[in-house]
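Have a look at the structure below before the remarks.
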Amino acid sequence: MIVYVSHPFGGKESAKEDVRRICQNDAENLPDVLFIPALTITCRDYDPTEYARGLGLLIELESRCDAVLMAGNWERSIGCRTEYEYAARNGIPVAENWPELLAIYYDWRKRK
Numbered sequence: 000m001i002v003y004v005s006h007p008f009g010g011k012e013s014a015k016e017d018v019r020r021i022c023q024n025d026a027e028n029l030p031d032v033l034f035i036p037a038l039t040i041t042c043r044d045y046d047p048t049e050y051a052r053g054l055g056l057l058i059e060l061e062s063r064c065d066a067v068l069m070a071g072n073w074e075r076s077i078g079c080r081t082e083y084e085y086a087a088r089n090g091i092p093v094a095e096n097w098p099e100l101l102a103i104y105y106d107w108r109k110r111k
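Numbering (numbering that gives the first Met the number 0), first residue to last: 0 to 111.
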């Protein structure tokens, strides 16, 4: 299972550390799941003038994942809300917390 992890960024390096820590903790508990902390893998500096292009690339990555985990104060982030809406419109299961993620995971395992 591949889980896209959506987390607010806003150009803050601390956000990258937060999402890495979330992914590491979750990966320890679900070792057969690949957690993708999207904001840490774009290899691009934060550039508000290129925001739409960068978000489009992340949506493309999200479209290839089995589930989405919303993390941090995602409700306050335009990008995270866009990722949430994309998943909801396209049938990608979305978890907002650990119990929801576990439910998605066990459902995914049953289908395998």
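Idealized CB from N, CA, C, for every residue including glycine.
Quiz prompt | Separation of I58 from F34, as counted between CA atoms | solution = For the purposes of this step, residue 34 is taken as residue 35 along the sequence shown, with counting starting at 1. For the purposes of this step, residue 58 is taken as residue 59 along the sequence shown, with counting starting at 1. F34 and I58: Cα-Cα distance of roughly 15 angstroms.
Quiz item: Assuming M69 contacts E95 under a Cβ cut-off of 8 angstroms, what Cβ separation, rounded to an integer in Å, is found between them?
Solution: Here the question's residue 69 lines up with position 70 in the sequence shown. Here the question's residue 95 lines up with position 96 in the sequence shown. The pair is a contact, with the Cβ atoms about 5 angstroms apart (cut-off 8 angstroms).
Self-check item: Candidates L29, Y104 and A37: closest to F8 by CA position
Solution: Against the sequence shown, residue 8 aligns to sequence position 9. The candidate whose alpha carbon is nearest that of F8 is A37.
Self-check item: Burial state of E16 (16 or more Cβ within 10 Å)
Solution: Position 17 of the sequence shown, counted from the first residue, corresponds to residue 16. Exposed, because fewer than 16 other Cβ atoms sit within 10 Å of the Cβ of E16.
Quiz item: Is the distance from the Cβ of I21 to the Cβ of D65 below 8 angstroms?
Solution: Position 22 of the sequence shown, counted from the start, is the residue given in the question as residue 21. Position 66 of the sequence shown, counted from the start, is the residue given in the question as residue 65. No, Cβ-Cβ distance for I21 and D65 is not below 8 angstroms.
Quiz item: So, helix, strand or coil for V18, using DSSP?
Solution: Translated into positions along the sequence shown, residue 18 becomes position 19. Helix at V18.
Exercise. Can you check DSSP and say which residues form a bridge with S5?
Key: Here residue 5 refers to the residue found at position 6 of the sequence shown. Partner(s): M69.
Quiz item: Which partner residues of W94 appear in the DSSP bridge assignment?
Solution: By 1-based counting over the sequence shown, the position of residue 94 is 95. A quick correction: the sequence has Ala, not Trp, at residue 94. Looking at the DSSP assignment, A94 forms a beta bridge with L68.
Quiz prompt | Option nearest G53 by Cα separation, candidates K109, G10 and W107 | solution = Working through the sequence shown from its first residue, we reach residue 53 at position 54. Comparing Cα positions, the closest option is G10.
Practice problem: Ignore the nearest five residues each way along the sequence and tell me which others in R19's own chain have a CB closer than 8 angstroms to its CB. | Solution: For the purposes of this step, residue 19 is taken as residue 20 along the sequence shown, with counting starting at 1. P36 and T39.
Practice problem: Use the C-beta contact count for L100: other C-beta atoms within 10 angstroms, 16 or more gives buried, fewer gives exposed. | Solution: As a position in the sequence shown, residue 100 is number 101, starting the count at 1. Counting Cβ neighbours within 10 Å, L100 comes out buried, since at least 16 surround it.
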